[in-house]
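The sequence shown begins at 481 in the numbering used here and counts up by one.
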Amino acid sequence: MQSLLIRPILRAAGTVRLPGSKSISNRALLLAALAKGETVVRGLLDSDDTRVMLEALARLGVRIRQEGGVVRVSGVDGSFPVREAELFLGNAGTAFRPLTAALALSGGTYRLSGVARMHQRPIGDLVDALRRLGARIDYLGDEGYPPLLIHAGELNIDAPVRVRGDVSSQFVSALLMALPLSGKATTVEVEGELISRPYVEITLNLMRRFGVEVRREGWRVFQVPGERYKAPAEIFVEGDASSASYFLAAGAIGGGPVRVEGVGLDSIQGDVRFTEVLERMGAEVVMGDAWIEVRGRGRLKPIDLDLNHIPDAAMTAAIAALFAKGPSAIRNVASWRVKETDRLAAMATELRKLGARVDEEPDALRIAPPERLTPGVAIDTYDDHRMAMSFALVALGGVPVRINDPGCVAKTFPDYFSVLAAICETEPVA
């Protein structure tokens with residue numbers, strides 16, 4: 481297994497131009513494919529997750545042309561030309577869940593599979609909701625998990641669609657994006673608490689850009705009109721706010737200032753609220769319409785926060801807790817358990833290697849930082865891009881850290897380590 485040694489970092493300061501948002505990229509691609517007309521997508525993220533979505537859409541008969549950094553998608557007006565296909569979707573939840581719902585309403589026969597970890601990530605609540613509409617979906621492995629076989633079926637869109645919201649917000653987003661294909665007005669009712677609400681807000685925002693205005697009553701009832709998607713001619717993918725969190729935290733821990741460009745006050749992503757976490761920890765934050773800058777003001781303050789609304793950036797907060805004056809708590813992040821790995825267990829294990837005292841709870845981590853970080857630790861990344869990216873920040877504590885399987889960052893940010901190195905001053909080689 482390959483590994484990357486990151487030398488002790490003395491200071492972090494500089495400017496980073498962010499890659500496109502993964503959440504926006506894959507939603508925009510699917511909606512552009514389903515729309516009537518051509519959509520020009522600018523700023524699309526180039527990563528493993530977006531590549532599997534592009535490949536899947538191409539296999540379904542969607543015409544896609546890539547010209548440099550511009551992608552032109554010729555929409556199919558709600559009906560995929562290919563009625564039978566096998567699709568491999570890697571470990572991309574933002575591709576697997578929405579395509580499951582869209583294909584269940586498409587009247588064809590489709591087999592969907594992914595890597596081993598994807599076959600451990602639950603999808604039963606989404607499948608149950610689609611089956612209640614009359615969709616015919618078989619599990620090809622364990623009940624409630626991919627891979628799936630979707631058959632053409634007779635759908636009944638007259639009754640409200642119910643789906644649990646406390647496992648993954650992607651189930652709600654998948655239904656919302658797929659239901660306009662029915663051509664009928666539909667109500668989605670969420671059972672239980674809807675977690676990660678900002679990601680559903682991204683979905684609603686993009687559906688609006690494609691001509692479908694969903695009305696919601698709080699976060700429990702969504703009214704989806706019986707309208708088809710229309711291409712907006714052009715859509716721009718803003719920078720990835722989750723990826724921004726690593727550099728912003730580097731500014732807070734490593735002195736700064738560190739500025740990220742491509743996301744700011746105008747962002748539609750919930751993870752921009754990671755800036756609030758850094759402010760609570762004592763960092764100085766300044767924001768413009770499309771940029772954020774963070775500067776450290778001494779040792780960070782501990783936090784005790786519910787971070788359900790920013791589960792991806794919450795991992796960065798857990799690393800920042802290593803640099804706080806006292807114990808911190810990252811709460812209400814049970815969704816970590818069904819991500820690319822069981823992130824609660826993985827974070828606890830790797831933080832302990834560094835000397836931290838960590839209490840792992842069903843939906844929380846309590847982290848007491850060590851007096852001094854253990855140098856030279858080899859961090860296992862569990863084929864999880866966010867484990868690799870967040871733990872690279874440990875070197876800001878003046879200790880070397882080794883990242884095992886650094887290539888896993890290709891899922892969302894292939895150039896992450898070189899971009900991080902460009903804003904960091906490291907100890908010279910002896």
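For glycine and all other residues, C-beta sits at the position ideal for the given N, C-alpha and C. All values reported here derive from a predicted model rather than from experimental measurement.
The Cβ-Cβ distance between residue 584 and residue 637 does not fall below 8 Å. At a Cβ-Cβ threshold of 8 Å, residue 589 and residue 502 do not count as neighbours.
In the DSSP secondary-structure assignment, residue 837 is bridged to 848.
Taking the Cβ atoms as the reference, residue 572 lies roughly 7 Å from residue 533, within the contact range of under 8 Å. Sorting 784, 849, 860 and 616 by C-alpha distance to the C-alpha of residue 804 places 849 at the top. A direct Cα-Cα distance of roughly 11 Å separates residue 489 from residue 902. Residue 639 is classed as exposed because its beta carbon has fewer than 16 other beta carbons within 10 Å across all chains shown. Taking the Cα of residue 509 as reference, the smallest distance to any Cα among 540, 644 and 495 is reached at 540. Taking C-beta atoms under 8 Å as the contact rule, residue 493 and residue 736 qualify, at a distance of about 6 Å. Under the DSSP assignment, residue 899 falls in the alpha helix (DSSP H) whose first and last residues are 896-902.
With three or more CB-CB distances shorter than 8 Å, the stretch 788-799 counts as touching the stretch 719-735. Between residue 677 and residue 649, the CB-CB gap stays under 8 Å.
Ranking 733, 523 and 892 by CA distance to the CA of residue 774 puts 733 first.
Judged by DSSP secondary structure, residue 653 falls outside any beta strand (DSSP E) and instead within the alpha helix (DSSP H) spanning 649-658. In this chain, residue 863 is not harboured by any beta strand (DSSP E), its DSSP state being neither H nor E. Here residue 718 carries a coil assignment [DSSP, helix/strand/coil].
Judged by their CB atoms, residue 728 and residue 738 are nearer to each other than the 8 Å cut-off. Per DSSP, residue 754 is one residue of the alpha helix (DSSP H) stretching across 754-760.
The C-alpha of residue 899 lies about 45 Å from the C-alpha of residue 663. Residue environment for residue 815: buried (at least 16 other C-beta atoms within 10 angstroms of its C-beta). Taking 8 Å as the cut-off, the beta carbon of residue 765 is found no closer than this to the beta carbon of residue 783. At the C-beta level, residue 643 and residue 609 come within 8 Å of one another. Restricting attention to 670, 702, 696 and 707, the CA atom closest to the CA of residue 557 is found in 707. For residue 889, the secondary structure class from DSSP, reduced to helix, strand or coil, is helix. Excluding sequence positions up to five before and after residue 651, its CB lies within less than 6 Å of the CB of 605, 606 and 643, all in the same chain and listed in chain order.
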